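S.K.: Sequence positions in the sequence shown follow mature numbering (1 follows the signal peptide of the UniProt record, and there is no 0) and run -25 to -1, 1 to 294.
In this text, a Cβ means the ideal position worked out from N, Cα and C, and glycines have one as well.
Because the structure is a prediction, the values reported are computed rather than measured.
The structure follows.
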Amino acid sequence: MKRIDKVSSLLFLLVAALFSPSIGGDSLIPSQPLADDGTTLISTGSIFELGFFSPAGSSNRYIGIWYHNIPIQTVVWVANRNRPINSRSGILTITANGTLVITDDNSTVFWSSSSLALANPVARLLDDGNFIVKEVDSDSFARESFNFPTDTVLPGMKVGWNQTRRSQAYVTSWKNTSDPSSGDYVMGLDLQGDPQLFIWSSMRQLWRGGPWNGVRYSGNPDMDSGLSHYEVVVEPDVLFWYYSRDPSIISRIAIEDSGVMNHYEWIEGRKSWRLFAFHPQEPQQCDSLSPCGPYGICYPNREKMCTCIQGFHPKNGSN
């Protein structure tokens, strides 16, 4: 009788393992779509997870990528950010030619990647957070989520002009914490003249990192630290490249819905994100782009931070 009980228990565990959510491996193939039933893809080293989720305060469903072992769900990429599904009927599929498609149970298409022409495609979530599409027997990526960022830059990502695709990538804030659709703030490289990192809102430049001098951004030397490094690669692409000097430290850069570019590092002992650096730096508003106008001088530590150069007068006396 005890032997039968042991066999029954073993069979139960095997069946439970087969049908348990969050054990979808790290890959997606045409014959095995990912449904919105709790099943997710988890990268080989259990660093990142991909699946359907709802932001806090919302019932809309999105395909996203977040950290697998961090208790605070921190989403770093969203596929269908501008067209959510309003029910748990979503399905993520990779087609026979390698195209990623998000549909519902009525076959309505909510999002799709560009069409590819692969013979034996597979989509895979990597330990750096990159969701790639490639031929099964190839090491070359036909498509990767790192080329289509949302609001977050991860170590190893390169954001800017891609010569091969003839397109430029930008990082765009969420609308708000409950809505990952494209928000009001955009971060990226301005390629006119020396490459500079900018933050824009409605095509208006709000902040710049200063020209790249080959070592650092001349206007913001504090952007480089002993743990993280920022660099601009000029040939053949023009790219903003961010990487960590210590791969054991989990870090990210995000453009927030407030328009601030925040650099976070995960503190395991506290189970929380630490804000390492941010730009523009408030209340030091002189860090913003031209806060006092074309003929003004900014003094961050004065009660009235703006003054005019000799021969000019303020338009507004309160400044």
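Which value, in whole angstroms, describes the spacing of the CA atoms of residue 77 and residue 64?
M.R.: Within the sequence shown, residue 77 is the residue found at index 102, counting from 1. Within the sequence shown, residue 64 is the residue found at index 89, counting from 1. Using only the alpha carbons, I get a separation of about 10 Å.
S.K.: Residue range of the beta strand (DSSP E) that residue 78 falls in?
M.R.: The residue you call residue 78 lines up with position 103 of the sequence shown. That run of the beta strand (DSSP E) goes 75 to 78.
S.K.: If residue 135 and residue 213 are in contact, beta carbons under 8 Å, what's the gap, nearest whole angstrom?
M.R.: As a working mapping, residue 135 is identified with position 160 in the sequence shown. As a working mapping, residue 213 is identified with position 238 in the sequence shown. With a Cβ gap of about 5 Å, residue 135 and residue 213 count as contacting.
S.K.: Quick one: Cα of residue 164 to Cα of residue 23, how far?
M.R.: For the purposes of this step, residue 164 is taken as residue 189 along the sequence shown, with counting starting at 1. For the purposes of this step, residue 23 is taken as residue 48 along the sequence shown, with counting starting at 1. Answer to the nearest angstrom: the Cα atoms are 27 Å apart.
S.K.: Would you give the residue range spanned by the beta strand (DSSP E) that residue 157 belongs to?
M.R.: As a first step, residue 157 is located in the sequence shown; it is residue number 182 there, counting from the start. Unbroken beta strand (DSSP E) run through residue 157: 154 to 165.
S.K.: Kindly indicate the opening and closing residues of the beta strand (DSSP E) around residue 151.
M.R.: Position 176 of the sequence shown, counted from the first residue, corresponds to residue 151. First-last of the beta strand (DSSP E) with residue 151: 146 to 151.
S.K.: Would you mind giving the Cβ-Cβ distance between residue 156 and residue 56, rounded to the nearest angstrom? I have them listed as a contact below 8 Å.
M.R.: By one-based count along the sequence shown, residue 156 stands at place 181. By one-based count along the sequence shown, residue 56 stands at place 81. About 5 Å; that satisfies the 8 Å criterion.
S.K.: Nearest by alpha-carbon distance to residue 4: which of 21, 255, 71 and 125 is it?
M.R.: Counting from one through the sequence shown, the residue named residue 4 turns up at place 29. Cα-wise, what sits closest to residue 4 is 71.
S.K.: Would residue 19 pass as a contact of residue 102 if the rule is Cβ separation under 8 Å?
M.R.: The residue given as residue 19 occupies position 44 in the sequence shown. The residue given as residue 102 occupies position 127 in the sequence shown. Cβ distance < 8 Å, so residue 19 and residue 102 count as in contact.
S.K.: For residue 287, write down the residues that DSSP places opposite it in a beta bridge.
M.R.: Along the sequence shown, read from residue 1 onward, the residue named residue 287 stands at position 312. In the DSSP output, where bridge partners are listed per residue, residue 287 has none listed.
S.K.: What three-state label does DSSP hand residue 123 in the structure shown?
M.R.: Indexing the sequence shown from 1 puts residue 123 at position 148. Of the three classes helix, strand and coil, the one that applies to residue 123 here is coil, per DSSP.
S.K.: Ends of the beta strand (DSSP E) at residue 213?
M.R.: In the sequence shown, the residue the question calls residue 213 occupies position 238. Note, residue 213: beta strand (DSSP E), 213 to 219.
S.K.: If you follow the beta strand (DSSP E) that residue 28 is part of, which residue opens it and which one closes it?
M.R.: Within the sequence shown, numbered from 1, the residue matching residue 28 stands at position 53. Run containing residue 28: 23 to 28, per the beta strand (DSSP E) assignment.
S.K.: May I have the straight-line CA-CA distance separating residue 116 from residue 287, to the nearest angstrom?
M.R.: For the purposes of this step, residue 116 is taken as the residue at position 141 of the sequence shown. For the purposes of this step, residue 287 is taken as the residue at position 312 of the sequence shown. Using only the alpha carbons, I get a separation of about 57 Å.
S.K.: Do residue 67 and residue 104 have their C-beta atoms closer together than 8 Å?
M.R.: Taking the sequence shown and counting its residues from 1, the one referred to as residue 67 is at position 92. Taking the sequence shown and counting its residues from 1, the one referred to as residue 104 is at position 129. Not a contact, by the Cβ cut-off of 8 Å.
S.K.: Three-state secondary structure (DSSP) at residue 58?
M.R.: Walking along the sequence shown from the start, residue 58 turns up at place 83. Residue state, collapsed to three classes: coil.
S.K.: Count the other CB atoms within 10 Å of the CB of residue 244; is the residue buried (16 or more) or exposed (fewer)?
M.R.: Numbered from its first residue, the sequence shown carries residue 244 at position 269. So residue 244 ends up on the exposed side.
S.K.: Compare the Cα-Cα distances from residue 232 to each of 168, 126 and 216 and report the closest residue.
M.R.: Here residue 232 is taken as the residue at index 257 of the sequence shown, counted from 1. Cα-wise, what sits closest to residue 232 is 126.
S.K.: Going by DSSP in three states, residue 267 sits in which element: helix, strand or coil?
M.R.: Counting from 1 along the sequence shown, the entry for residue 267 is found at position 292. Three-state DSSP puts residue 267 in coil, outside helix and strand.
S.K.: Using DSSP with H/G/I as helix, E/B as strand and the rest coil, what is residue 253?
M.R.: Locating residue 253 in the sequence shown gives position 278, counting from the first residue. The answer is strand: DSSP assigns residue 253 an E or B state.
S.K.: Given a threshold of 16 other Cβ atoms within 10 Å of its Cβ, counted over all protein chains shown, does residue 359 qualify as buried or as exposed?
M.R.: The chain is shown only over -25 to 294; residue 359 falls outside these bounds and no answer can be derived.
S.K.: Quick check on the burial criterion: 16 or more other C-beta atoms within 10 angstroms. Buried or exposed for residue 93?
M.R.: Numbered from 1 along the sequence shown, position 118 holds the residue referred to as residue 93. Looking at its Cβ environment, which holds 16 or more other Cβ atoms inside 10 Å, residue 93 is buried.
S.K.: Given residue 143, which residues of its chain have a CB within under 8 Å of its CB, disregarding the five upstream and five downstream residues?
M.R.: Along the sequence shown, one-based indexing puts residue 143 at 168. Taken in chain order, the residues that qualify are 135, 136, 137, 163, 164 and 166.
S.K.: Between the Cα of residue 42 and the Cα atoms of 58, 86, 219 and 16, which residue gives the shortest distance?
M.R.: Taking the sequence shown and counting its residues from 1, one reaches residue 42 at position 67. The shortest Cα separation from residue 42 among 58, 86, 219 and 16 belongs to 16.
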